[in-house]
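Under this note's numbering, the residues of the sequence shown are numbered 3 to 216, in order.
Ideal Cβ positions, reconstructed from N, Cα and C, are used throughout, including at glycine.
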Amino acid sequence: MRLPYAPSTPPASATQSEKDIYAAVSARRAPRPLQKLDLALLHSPPIASGWNAFLGAIRSQSILPQVSIQEVSICRIAVLNRAPYEWDAHSALAVKGEDAVGREGMESILKAEEFVGGSAVERLRGIKGRVRKEGKEGGLTGRQWAVVAYTDQVTRGVQCDDGIWDLVKEEFGKRELVELTATVAAYNCVSRFLGALDVGERNAGDMPMPEGAK
């Protein structure tokens, strides 16, 4: 990293408030130890605290399916923003569980043409039409392709084309749309923080297929 990591336990000079922040971040990570991202953020305990609360809500209080929807979006963000550290963490989660993304789906997340420009709406409409007949395309469901397209639009252009929005809105309710948008926004923030400081020393690395992908 471009800075030394903060200590993994509160320094002797820490205030009680700072000790409480360390404890809260550790509790969210448990049973795992603090991650390198945490040890970067903990140079500023108030920022680490706010980050912990925001990302904690997105990870643990959203009604979106974590693996089949949130991880698809987060992994796509890692690809778009060249964030290998983010890819390492979230691709491993995407291929676990009953609704795991398979190897073919992960290949699509890695390599699919971006849903930007004039052809994006027709591409997504075509995929959704074919998926209605065949169940999946490129290892992803129609709902997952909508997530990929929306993630591309918001990551690349900030605003989303009306045509893409209409197709995404067919798949999700109001709360889900807010939570999906918050997920995309939050993990764009994460990837930019990781990349700017080279957290985990992975900026020059590749993004391999995760172990366990089937």
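- Of the residues assessed, residue 9 falls on the exposed side of the cut-off, its CB having fewer than 16 other CB atoms within 10 angstroms.
- Note on geometry: alpha-carbon atoms of residue 121 and residue 155 lie some 12 Å from one another.
- A residue is called buried when at least 16 other Cβ atoms come within 10 angstroms of its Cβ; residue 92 meets this threshold and is buried.
- The beta carbon of residue 58 lies closer than 8 Å to those of 30 in the same chain, with the five residues before and after it left out.
- For residue 127 against residue 169, the beta-carbon gap comes to about 6 Å, under 8 Å, which counts as contact.
- DSSP, reduced to helix, strand and coil, places residue 66 outside both helices and strands of the structure shown, so it counts as coil.
- With fewer than 16 other beta carbons inside 10 angstroms of its own, residue 198 counts as exposed.
- Collapsing the DSSP output to three states places residue 139 in a strand.
- The DSSP-derived three-state label of residue 38 is helix.
- By the 16-neighbour rule on beta-carbons within 10 angstroms, residue 113 is exposed.
- Classified as exposed, residue 161 has fewer than 16 neighbouring CB atoms from the shown chains inside 10 Å of its CB.
- In the structure shown, residue 160 adopts coil according to DSSP, grouped into three states.
- Between the segment 76–89 and the segment 199–215 there are three or more C-beta pairs closer than 8 Å, enough to call the two in contact.
- Considering only 210, 216, 186, 209, the residue with the shortest C-alpha distance to residue 74 is 186.
- Nearest neighbour of residue 119 by Cα position, chosen from 159, 100, 135, 69, turns out to be 159.
- When DSSP states are grouped into helix, strand and coil, residue 203 belongs to the helix group.
- If you draw a straight line from the Cα of residue 115 to the Cα of residue 25, it comes to about 42 Å.
- The C-beta distance from residue 146 to residue 62 rounds to 21 Å, too long to meet the 8 Å contact threshold.
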